[in-house]
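Working notes for the structure below.
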Amino acid sequence: MKMSEWAKREVEIACKKENSDRKEGEFDYGCACYESALKAFNSLLEDGHSGYSIGFTKNILNRLIDGQPLTPIEDTDDVWEERGVYKDGVKMSYQCKRMGSLFKDVYEDDTVKYTDVDRFICYDSDSNIGYHNGFIKEIATEYVGEITMPYYPSTKPIKVYTSEYLFDPINGDYDTLCIEYLEFPDGQKITIARYFKEAEDGFEEIDYDEYKMRLEIASKDR
């Protein structure tokens, strides 16, 4: 059986499972996605791809789908677009035209700092639900280093695992934080084990003894 015939049959089976009552010509979102993928697959076959070349092309396609650059980004004027001033001490912020998640801040003293908002993703160890948190990302950056140019990001983010507890009920969802460790896409891990409590201006670092005390009280109230 030819690869094109096999793929067509697989899509037909998947669409039937997606919507067994689908009538001819009727639109179904799930089936439309399967059929769109089949078109892309057939296009690769028509171009003569197979084996190694189709895998290489798939990696390129995945980066394009994820909004990732195909070659390293360099700090040249043509790749940045002004976005105004949003931080103290910054005279101008820029967004990268080639990668929407990448920003450049130029400070009053002409120092430059780059930020990729998709570089990290945080996970609560209890629920394993992903979320974004600027403060946690700042701490994680201390362990992996600032972004430098040229920049070629991984297709997967660095994961940062945390534990959160509520010590004082008036503080909302949580006011005690442990940043446990981070994990690179290749599985390498770096232990952080740092502890914080909510303060007037964000979070304040505390030692393990204070964290343990707050944790014990929070656990009793659960």
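Under the working numbering, the first residue of the sequence shown is numbered 36, with each subsequent residue one higher.
Built from N, CA and C at the ideal position, the CB exists for glycine as well.
Everything numeric in this text was worked out from a predicted model, so none of it was measured.
In the structure shown, the three-state DSSP call for Arg133 is coil.
In this structure, Tyr129 is the residue among Tyr129, Lys93, Val46, Asp123 with its C-alpha nearest to the C-alpha of Glu117. Shown here, Ser85 sits in coil according to DSSP, grouped into three states, outside any helix or strand.
Bounds of the beta strand (DSSP E) holding Thr197 are 193-200. Here the segment 194-208 lies against the segment 151-158, with 3 or more beta-carbon pairs under 8 Å apart. The C-alpha of Glu173 is placed about 11 Å away from the C-alpha of Ile214. The criterion of a C-beta distance shorter than 8 Å is not satisfied by Leu217 and Phe231. A direct Cα-Cα distance of roughly 26 Å separates Ala49 from Ser88. Boundaries of the beta strand (DSSP E) harbouring Tyr149: 147-151, taken from the DSSP string. Within the segment 167-252, complete beta strand (DSSP E) segments of at least 3 residues are found at 193-200, 211-218, 224-234, 237-241, given in chain order. In this structure Lys139 is buried. Its beta-carbon is surrounded by 16 or more other beta-carbon atoms within 10 angstroms. Taking C-beta atoms as the reference points, Thr190 and Asn97 count as a pair closer than 8 Å. Put simply, the backbone Cα of Tyr246 is about 26 Å away from that of Phe219. Taking every protein chain shown into account, the CB of Ile108 has 16 or more other CB atoms within 10 angstroms, so this residue is buried. Counting of Cβ neighbours within 10 angstroms places Asp210 among the buried residues, the total reaching 16 or more. Lys51 and Leu79 have their C-alpha atoms some 25 Å from each other. In the structure shown, Phe62 adopts coil according to DSSP, grouped into three states.
Burial state of Trp115 is buried, judged by a 10 Å Cβ sphere holding 16 or more other Cβ atoms. Glu116 has Gln130 as its beta-bridge partners, per DSSP.
Residue range 38-53 is occupied by the alpha helix (DSSP H) that includes Ile48.
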